Structures are given as structure tokens and as C-alpha cells.
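Colleague:
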Amino acid sequence: MKTSKDPLQPLLSLFLARGIEVVFTPLHCSHGGITCYKGRWFCLISSFDNLETQKFTLCHEMNHFLYHQQDPRAINDESLEAEADQGARFTLARMG
Ligand SMILES: [Zn+2]
């Protein structure tokens, strides 16, 4: 359980506000992902990654949720990945 002093808390609040459960779990092949299962949204974040990578992944996955959840293209489409990366860099830069 993350505490309120967790540096990820501002980002986690964005997920909570949208009803998305964030799960930190050991992922061997990915930094994270976001998916809808039985009507509930889940964002998986690799617990193997350091804090900075987890921050970036949270922003990346939020961009997928905000801009790609209705996209007919596959979630692993390279152009969608580039868009999510760009959005994550923009969000992190604005957060300072
Ligand atoms: Zn992605």
C-alpha cells in the first residue's frame, strides 16, 4: 500500500479519480500496461522498475487510457506507443 508521502501519489490520484486500480507487480517482459477486465480498469506497473521509470510508465499508461481506449488500433501499435511516450514526457515536464 502506497502512503500519502509516496512521490507517486499525485499520479496515483489521477488513476483513482478515474476508477482505475493501479497494481504494482513483478513484470518480466514489460514496464506496465492498462486494460479493462469485466468492466473495471487496471493499470499494472512493474515493481522491478525504479521510481523514475514507474512515474514515466504511469504517465504513459494514463495517456493510453485518455486517448486510446476507444481507438480501433491495437494497443501495441507503434504510433500509439510513440503518442503515449510523448504525452508522458509532456506530463512529467509540466509536473517538474
Ligand atoms: Zn504503451
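Each residue of the sequence shown is one higher than the one before, counting from 817 in this note's numbering. The beta-carbon is built from N, C-alpha and C at its ideal position, and this holds for glycine as well. Quick caveat: nothing in here was measured; it's all calculated off a predicted structure.
When burial is assigned at 16 or more other CB atoms within 10 Å of the CB, is Gln885 buried or exposed?
Modeller: exposed
Colleague: Under the three-state reduction of DSSP, which class applies to Cys875: helix, strand or coil?
Modeller: In the structure shown, Cys875 sits in a helix (DSSP, three-state: H, G or I).
Colleague: DSSP beta-bridge partners for Cys845?
Modeller: For Cys845, DSSP assigns no beta-bridge partner whatsoever.
Colleague: According to DSSP, which residues form a beta bridge with Tyr853?
Modeller: Arg856
Colleague: Going by beta-carbon coordinates alone, are Phe858 and Ala904 separated by less than 7 Å?
Modeller: no
Colleague: In three-state DSSP terms, what is Ser862?
Modeller: strand
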